[in-house]
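Data block below; observations after.
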Amino acid sequence: MWSNLWAQIADLTIVVVLLRSMTPILLAALGGLISDVTGVTNIGLEGQMLVAAFSSIAVGSATGSWFIGVLCGVLICVALSYVMAFFHLRLGVDVIITGFAINTFGSGVTVFLMNKIFNVTGSYNPEHLDKIPTINIPFIEDIPFLGKLLSGHSLMVWIGLLSVVFCFYMLYRTPYGVHLRAIGEAPQSARSLGIPVKRLQYSSLAWSGVFVGLAGAFMSMGMTSMFVKDMTAGTGFLALAVVLLGNRNPVGILVGSLIFGLAKALETLLQTIPNSPVPSQFVQILPYVVTILALVVYAIRRHGKQTDSLGTASAK
Amino acid sequence: MTVLLEMRDIHKTYPNGTIANRGVNLEVREGEIHALVGENGAGKSTLMKILFGLEAPTQGEIYYKGEPVQFHGPRDAIQHGLGMVHQHFMLAPSLTVSENIVLGDEPRKGPLHMFRDRNKELEDINQLIKDFGLKLDPKAVVESISVGQKQRVEILKVLFRGAKLIILDEPTAVLTPQETDELFDSLKTLVEQKYTIIFITHKLREVMEISDRITVLKAGKTIQTLETKDTSQEEISRLMVGRDVLFRVEKQEQVLRDMVLELNHVNAVDDKGVAMLKDVSLKVHGGEIFGIAGVEGNGQRELVEVITGMRKATGGEILYFNENIIGKSIGEIRNLKIGHIPEDRQTTGACLTSTIEENLILDVYDHPEFRFGPFMKHKRLKEFAQVLMKTFDVRADSGETLAGSLSGGNLQKVVIARELAKNPKLLIASQPTRGVDIGAIEFIHREIIKKRDQGAAVLLVSAELSEIMSLSDRIGVLYNGELVAVLDNTPDLTEQEIGYYMLGIKKAKQEAASQ
Amino acid sequence: MNNKRFLYLDLVGIIGSVVLAVLCGFAIILLVSDEPINAISSFLLGPFSSPFNISTIINKATPLIFTGLSLAVVFQTNVFSMGAEGQLYVGGFVGALAAVYIPGLSPWIHIPVILAAALAGGALFGAIPGYLKAKWNANEVVTTLMLNYVAIIMTSYLVNNVFKDPKSGGFARMKFFDKDLLLPKISGSFPVHYGIFIAIIATVIIYLLMYKTRLGYEMRLVGKNDTFAKYGGINTKKIIVYSVMISGALAGLGGIVELMGIHGTYKDSFSINLGFDGIIIALLARNNPLGVVLSAFFYAYLQVGGQVMQAESDVSRELAVIIQCLLVLFVSAQAVFNYLKQRAILKQSKKNTSEGVKADVV
Amino acid sequence: GGNSDKNAGSSGDGAGKKLSVGYYVNATLGDKSFFDSVKRGVDQAVSDLGFEAKTIEGGTNQGDWAAGLESMISSKKYDVILVGTSQMTEIVKDLAQKYPDQKFIFFDDAIKDMPNVYSMTYSQSEGSFLAGAFAAYVTTSTELKASNPDKVIGFVGGQDIPIINDFKSGYEQGAQYVDKDIKVVSSYIGNFADAPKAKELALAQYNSQKADIVYQVAAAAGLGVLEAGNEKGLYTIGVDSNQNGLYPGSVLSSMMKNLDTSTVRALQMFKDNKLPFGQLEVLGVKEGGVGLAEDDNYNKYVPQTIRDNMEQITQKLKSGEIKVKSTLE
Ligand SMILES: Nc1ncnc2c1ncn2[C@@H]1O[C@H](COP(=O)(O)OP(=O)(O)OP(=O)(O)O)[C@@H](O)[C@H]1O
Ligand SMILES: Nc1ncnc2c1ncn2[C@@H]1O[C@H](COP(=O)(O)OP(=O)(O)OP(=O)(O)O)[C@@H](O)[C@H]1O
Ligand SMILES: [Mg+2]
Ligand SMILES: [Mg+2]
């Protein structure tokens with residue numbers, strides 16, 4: 004069984020699977036990150052993704068354009084973010100409660116609308132769908148190794164990777180991003196300089212909606228071409244874990260998503276090994292166990308750097 | 324001089340019902356340094372927050388340059404040329420010095436002015452640093468710089484925005500005397516350049532030294548505005564506290580008892596793992612106050628933490644009644660009748676979101692007389708807290724008031740009450756009067772002396788040299804993690820002399836240091 | 022200050038927001054339903070329309086009380102555990118093993134043994150993230166979320182492959198517990214199982230624990246300010262592990278009570294979201310154990326209302342779920358009563374200052 | 011869900027009131043297979059037999075089911091209640107005892123000797139046997155363009171649980187029956203919703219294990235498997251209801267549990283007062299309870315030889331010549 008696995012690692016199948024499995028987590032985690040840096044932890048990623056997945060495929064199939072579909076998915080997801088922001092920032096609902104409510108809402112409303120609009124229950128797969136295109140790079144695709152590595156991935160995979168760069172630049176190279184980070188860390192300080200804290204938190208949630216929307220759209224129009232109720236199946240929570248695992252910065256999130264994606268890819272490959280003596284459940288817990296291990300290793304390293312003392316008791 | 328600012332009949336009620344201002348009037352003239360004084364909780368910070376647009380007044384008017392104004396937020400105030408240095412640092416710890424300074428007004432470049440112009444940012448800040456002669460590394464991350472440097476960042480924030488009226492809310496509370504002097508020099512330069520300054524402090528000496536006029540607040544109301552040259556510390560303090568305040572500390576003749584604390588060649592590292600305490604040896608006897616002087620950041624914090632078990636010593640021994648206490652847990656050390664007034668009452672010394680009672684019972688809640696199996700004897704504990712509040716004059720509605728709603732001085736009294744209630748044989752007091760009003764300072768000093776007179780050993784750490792000199796029997800000076808001198812506090816010992824040691828200019832022989 | 026004076030405003034606020042939420046829900050129902058009056062009344066009144074429905078509310082509230090308590094305890098220690106779901110599975114599983122595989126005990130001994138096993142199972146499983154947090158400060162949100170998956174998948178493996186009742190058919194379960202190990206029901210027409218009493222007892226114990234014992238004091242201090250707690254000599258790491266273990270034990274107890282009261286044995290994936298609902302319940306209750314009971318009943322009421330509405334009218338299940346979400350959101354909206362409170366405070370302070378009443382703040 | 015068709019149905023008024031049937035779904039609708047299939051049967055009974063019907067979705071929380079069903083019973087609105095799956099067996103037994111006047115039609119698991127319960131089960135292992143044999147013919151076929159010479163077929167299940175493994179076991183038996191050398195690669199998604207993961211698993215089976223046909227038993231998530239087959243230009247077998255039309259030419263057939271027809275059949279018998287309460291009927295291939303979907307697509311895309319072979323096997327199953335072992339007994 005191991006030789007088989009090695010073969011797939013060697014021929015880069017694992018990389019292809021990894022990139023695909025990683026992308027929705029990466030995008031959703033970036034969305035989670037941007038609101039998290041402003042001190043608003045978005046637990047509603049799961050529900051938002053579902054809504055985006057549904058609305059993008061609904062619009063995409065109606066208009067026949069993946070682009071319009073994705074765009075609408077993102078816009079609707081942003082709108083949902085505003086609803087969330089309204090409840091949390093304006094009405095003072097606990098952010099965790101808001102998040103869970105959005106999750107439940109997302110699950111319910113998609114099924115409800117699917118029923119009302121398409122008169123189907125449970126899943127919707129349009130006959131003709133313009134999927135998010137895959138990018139085949141001429142010439143490179145013919146080079147044996149490089150071709151498989153670089154060519155033939157969905158556009159969204161590249162968007163996901165570019166989003167990391169985008170988020171990095173936004174958070175560290177624009178005043179706006181510095182403001183976002185500042186209000187998460189020292190809201191009083193930002194406020195005392197006239198930075199509109201709440202308005203920025205609204206906008207950060209909107210950004211959250213953008214990336215989560217892309218993640219959702221990828222699930223229904225890239226990874227598959229259908230909407231299945233609750234198809235996110237916990238991806239939003241995994242993304243939340245990645246936000247925290249990635250130490251709240253875009254590069255860390257990329258690393259976290261890679262670790263997670265790798266574990267998922269390994270799970271997929273291990274599961275398809277014929278007559279494997281390992282029970283399927285042991286393989287299924289792999290991504291979760293790997294995440295815990297990664298976190299613990301990271302925590303131990305960080306812990307080792309600190310000396311034993313009460314935290315710095317400086318006034319803020 | 325023309326009147327720059329006038330605040331008339333300002334009222335403020337906080338959302339939780341606290342009435343902080345109840346009819347304050349303030350008039351500030353152009354180009355003056357106007358001191359605002361008053362007890363803890365008198366409403367000084369609140370008034371300034373209102374001026375700066377951070378809090379909306381419940382009632383009242385503000386005139387700026389003769390015009391009625393309403394600042395709907397700090398942005399408004401900043402645009403009108405106001406700047407404020409807050410009582411507590413308003414800095415984002417993980418951002419750099421320069422990022423903090425320009426926050427909200429970043430130089431921009433690129434399409435749509437989308438990106439930060441980091442070169443210009445650095446240029447501007449370096450220029451500012453040069454202009455005002457403040458030493459700072461703009462690229463340093465704020466969480467890694469010293470308290471004094473943080474204060475400079477705050478001032479630069481204001482100057483960067485071109486403020487003409489600068490509000491400084493207790494800027495010197497955390498500064499060393501040297502840093503204070505530097506700050507005052509800068510302030511004088513600013514005033515010469517036609518800046519106007521509102522200055523809040525509890526240190527009347529500073530008020531007398533630097534201000535032109537003084538406004539005294541009490542219980543949310545203006546008591547009086549005075550010309551500095553026509554008044555005295557005594558008069559101001561009488562206005563503030565409503566009675567005469569004793570500035571001199573009355574001490575009995577010293578009766579030296581057994582040795583309580585002995586440190587032999589103690590070493591320790593700071594949070595970053597750098598050696599911070601180097602081979603420190605000292606002895607404190609019962610009935611003695613041993614003062615530790617030194618510029619902040621020279622190992623005082625580490626010294627206190629090592630003795631109280633909050634930090635591991637990397638070498639040496641700490642004897643308490645001849646028993647080595649290194650390796651004991653914080654709890655075990657506390658149970659040895661060692662009292663500890665920590666330098667930071669907001670996070671270490673008190674739990675602001677707990678009630679006063681819960682803060683007071685920290686040491687006794689698991690003593691046999693207050694417990695019943697796993698349960699606490701609530702009634703007894705309540706009585707205990709009640710008694711403490713009374714003896715230590717903690718002014719609050721009830722013991723169930725949240726500690727966080729107490730003013731600085733009252734909160735400190737809670738800490739002191741708790742630490743003294745256990746009749747410590749050794750009291751470690753770190754910056755016991757920082758940010759506390761003069762009435763409370765007087766009280767705290769008296770309590771510390773009382774302990775000494777009752778035979779306890781006291782290790783007093785303070786950045787306030789005058790405090791050290793007026794309370795201590797002997798004075799040790801920490802410089803760069805070493806105890807460079809141990810001096811008897813005789814009448815002919817001068818601040819200057821100690822200052823030399825503090826700055827490392829002079830160093831006593833090692834034998835003298837370890838006696 | 023005078024918080025008690027404003028208590029009535031809290032009540033007014035809560036009622037106000039419920040009314041607001043209900044109005045919002047009505048608006049939706051009016052839009053989509055052909056029989057809105059029927060739908061609304063079955064949603065609001067349906068849960069109380071029969072002893073059977075009332076007993077359903079109580080039975081549904083029971084496990085929620087346990088998970089709500091479980092989370093209220095850790096949240097008070099400032100540990101943001103999301104692990105009740107996994108702990109509930111593990112606790113239920115271990116308890117069920119004790120129920121099925123310990124032979125020949127009288128129920129009087131056996132039931133306590135089962136409960137103890139569930140407590141221990143939940144507590145030990147809860148100890149893992151607690152230990153990781155205490156020892157290395159590993160983020161508990163991540164560890165608990167991941168451990169939930171581990172718990173659910175591994176218990177599923179065990180019940181499918183090791184402890185399966187051969188007679189369980191297409192979906193694995195253990196052997197049914199002996200009849201006398203099940204929690205009895207109050208009566209046939211009012212089938213509330215005795216789990217609710219265990220839940221009430223647990224609530225009282227947790228209330229006493231949190232507010233009357235030394236450990237509770239320590240836990241709350243650690244939660245509010247762990248620097249202060251450390252300074253006071255409290256072993257904060259130990260406290261964190263304790264609190265997470267207590268939390269796990271409560272979740273585990275919730276699991277076994279649900280099994281002994283409703284299912285009669287351990288069934289594969291028997292809980293959907295009880296642990297996560299507990300988070301909402303604890304937060305709604307502001308982590309107050311007594312509040313947990315109220316929130317759990319409120320939440321159960323909403324769920325039963327949704328079910329009744331679905332059964333009695335043309336409103337679909339999804340819509341009922343959406344309306345429940347709205348209700349939860351509005352009820353936890355603090356802004357509404359903060360606003361009311363503020364107005365009252367301001368009015369009062371104006372009166373105070375004009376009358377020249379002495380400062381009530383020092 | 012939950013739409014009551016009170017005004018539907020044109021026949022059978024005249025005398026007295028309509029018969030009403032309640033369908034309790036111990037899940038939510040929308041898997042495009044199992045529960046939906048029964049729902050179709052119910053809908054048909056409404057339009058063709060003049061029933062009144064109401065469907066209630068109990069949701070995925072098992073703790074709700076007993077109470078949900080009981081409240082349905084105690085409303086006394088229904089002449090007969092349809093409910094199924096082995097997860098409900100004990101609950102229905104209890105309630106049937108408690109409410110002896112309520113009639114139940116119980117599907118997909120056995121309840122015997124309850125005078126007010128009629129139960130019917132479907133032999134998924136027999137049906138899957140057909141699917142396995144079919145897959146074996148496909149993978150070794152020389153006529154089907156995309157078939158490769160490797161004797162590997164795939165199976166993607168929702169969860170590693172007994173009911174799914176019963177499908178799997180029948181599938182393996184069928185494949186082995188045709189050719190002993192056939193290898194079955196099986197993977198589990200871990201739930202019944204994660205379509206992307208289902209697709210990923212199927213792709214891995216196609217790409218790395220050289221499977222050319224995959225049988226999915228994963229409710230809604232299984233649609234991901236069908237899509238993977240279509241995308242690779244390879245073959246799949248649908249499940250529960252006829253999914254051939256989803257990707258014609260790629261979904262070569264579907265293993266149907268004919269819950270809809272048997273539901274209509276049972277309701278018809280109920281209407282005629284002929285339903286044998288207290289009894290269990292096992293609906294296998296012979297009884298038409300399970301079978302491959304042989305529609306136009308099937309005839310169009312599946313080579314004649316394979317269809318002939320399948321016909322033979324079907325006959326042998328019907329005649330009892332082939333016996334399929336179920337792992338559930
Ligand atoms: N945000 C707030 N919410 C509620 N009460 C507050 C708030 N800020 C200050 N207070 C209360 O208002 C009163 C006045 O506080 P303020 O900070 O203005 O005093 P101060 O004169 O600055 O005191 P200090 O000398 O200690 O700085 C105090 O009783 C304080 O507890
Ligand atoms: N939102 C609030 N609610 C209640 N009390 C508050 C609030 N914000 C600040 N306070 C309290 O008001 C008091 C006055 O606030 P301020 O910021 O002026 O500190 P302070 O009392 O002057 O403290 P110190 O003098 O020790 O630095 C503080 O004790 C602070 O804890
Ligand atoms: Mg102040
Ligand atoms: Mg083949």
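Residue numbers (the numbering used here), protein chains in the order written: chain C, 4 to 319; chain E, 324 to 838; chain H, 22 to 383; chain Y, 11 to 339.
Here a beta-carbon is modelled for each residue, glycine too, at the ideal position from N, C-alpha and C.
The Cβ of Y:Y198 sits closer than 7 Å to at least one Cβ of chain C. In the DSSP assignment, Y:Y245 is bridged to Y:I223. Boundaries of the alpha helix (DSSP H) around H:L236: R235 to K245.
In the structure shown, E:A496 adopts coil according to DSSP, grouped into three states. The alpha carbon of C:A31 has as its nearest neighbour, out of C:L265, C:V245, C:V258 and C:V181, the alpha carbon of C:V245. As DSSP reads the structure, H:Y360 sits in no beta bridge. Under the DSSP assignment, Y:V31 falls in the beta strand (DSSP E) whose first and last residues are S30 to V35. Inclusion of H:T176 and H:F114 in the CB contact set at 7 Å is warranted, their separation being smaller than that value.
The C-alpha of Y:E136 is placed about 20 Å away from the C-alpha of H:S189.
For C:E188, the closest Cβ of chain E is nearer than 7 Å. Cβ-Cβ distances below 8 Å link E:I559 to V360, L527, V530, I537, V539 and L549 in the same chain, with the five nearest sequence neighbours on each side left out; the list follows chain order.
Relative to ligand 3, even the nearest heavy atom lies 6 Å or more away from the CB of C:Q287. With contacts defined by Cβ atoms closer than 7 Å, H:A354 and H:S38 form a contacting pair. For Y:S196, the pairing in a beta bridge is given by DSSP as Y:F165. Of the candidates E:L584, E:L327 and E:L498, E:L498 places its Cα closest to the Cα of E:R757.
Taking non-hydrogen atoms of ligand 1 into account, the C-beta of E:G364 is found less than 6 Å away from one of them. Secondary-structure assignment with DSSP links Y:Y132 through a beta bridge to Y:L293. Here DSSP, grouped into helix, strand and coil, assigns E:F455 to helix. Runs of alpha helix (DSSP H) with 4 or more residues, each lying fully within the stretch 71-106 of chain Y, are found at 72-84, listed in chain order. At a cut-off of 7 Å, the C-beta of C:P253 has no neighbouring C-beta in chain E. Taken through DSSP and simplified to helix, strand or coil, C:T113 comes out as helix. Here Y:A231 is not near Y:V195, since their CB atoms are 7 Å or more apart. Looking at the DSSP output, C:K134 sits in no beta bridge, so it has no partner there.
Only exposed fits E:K453, as fewer than 16 other CB atoms lie within 10 angstroms of its CB. DSSP places E:N682 in the helix class (H, G or I) of the three-state scheme. Bridge partners of E:D811 according to DSSP: E:R797.
At least one CB of chain H lies nearer than 7 Å to the CB of E:R657.
Around the beta carbon of E:L579, a 10 Å sphere encloses fewer than 16 other beta carbons of the protein chains shown; the residue is thus reported as exposed.
Scanning its chain for C-beta atoms nearer than 8 Å, with the 5 sequence neighbours on each side dropped, one finds around E:V470 the residues V497, L498, E619 and G620, in chain order. Three or more beta-carbon pairs separated by less than 8 Å are not found between the stretch 591-604 of chain E and the stretch 763-781 of chain E, which leaves the two stretches without contact.
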